[in-house]
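Below is one structure, written out as structure tokens; comments come after it.
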Amino acid sequence: MVVVVVVVVVGFVVVVVVGFVVVVVVVVVVVVVVVGFVVVVVVVVVVVVVVVVVVVVVVVVVVVVVVVVVVVVVVVVVVVVVVVVVVVVVVVVVVVVVVVVSLGVFSTSISGVLSPLGDHLSA
4 MVVVVVVVVV GFVVVVVVGF VVVVVVVVVV VVVVVGFVVV VVVVVVVVVV
54 VVVVVVVVVV VVVVVVVVVV VVVVVVVVVV VVVVVVVVVV VVVVVVVVVV
104 VSLGVFSTSI SGVLSPLGDH LSA
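Next comes the structure, spelled out in structure tokens:
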């Protein structure tokens with residue numbers, strides 16, 4: 004009878020200990036799986052956020068560079084056009100002044116030459 008009681012008690016203790024170990028193992032496995040899932044989700048979210056930030060930064064940099072290049076090209080074109088217009092105006096003014104002065108000098112010199120000739124012919 005004592006042997007039966009000892010066997011039953013030892014069996015009960017073994018079942019309880021094995022059950023406790025199984026429960027602990029299951030809890031540890033569940034915790035590891037949940038933590039692993041959370042880690043994977045966090046890593047995926049971080050990677051997506053980093054990719055989005057990098058794409059946004061690249062797009063902003065490209066837009067800024069394009070805007071700066073366009074502004075520089077427009078400024079250079081405007082400056083070149085203004086310089087060309089100023090040079091053309093200066094050249095035209097100089098040519099007109101030279102022609103007017105030349106015609107004035109020429110007409111004065113011609114009249115100076117022709118006036119005594121006219122006086123000589125009329126006498």
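Residue numbering for the sequence shown follows this note's numbering, starting at 4 and increasing by one per position. All residues carry an ideal CB built from backbone N, CA and C; glycine is no exception. Note that the structure is a prediction, hence the values are computed from the model and not measured.
If you draw a straight line from the Cα of V95 to the Cα of V86, it is about 14 Å long. Annotation for V60: no residue places its beta carbon closer than 8 Å to its own, counting only its chain and skipping 5 residues before and after.
Around V46, the same chain offers no residue with a beta carbon nearer than 8 Å, after the five sequence neighbours per side are excluded.
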